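With my numbering applied, the sequence shown corresponds to residues 40 to 80, in that order.
For each residue, glycine too, the CB sits at the ideal point set by N, CA and C.
All values derive from a computational prediction rather than experimental measurement.
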Amino acid sequence: MDLAAYEKQGRLHLSTFFAMTYGVGFAALTATIVHVALFHG
């Protein structure tokens, strides 16, 4: 990791909406895969 570039850029800022959207999307993808595996596999 390039520490000089990291210090120049600063911390990563994520909005609450983005974090929730990312989590819901990951949960939906996981649920879809599990559904297909259980009911069609």
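| Query | Result |
| --- | --- |
| Please list the terminal residues of the continuous alpha helix (DSSP H) segment that includes L68. | 55-79 |
| Excluding the 5 residues preceding and the 5 following A66 in the sequence, name in chain order all residues of the same chain whose CB lies nearer than 7 Å to its CB. | none |
| Check L51 in the structure and name its three-state DSSP category. | coil |
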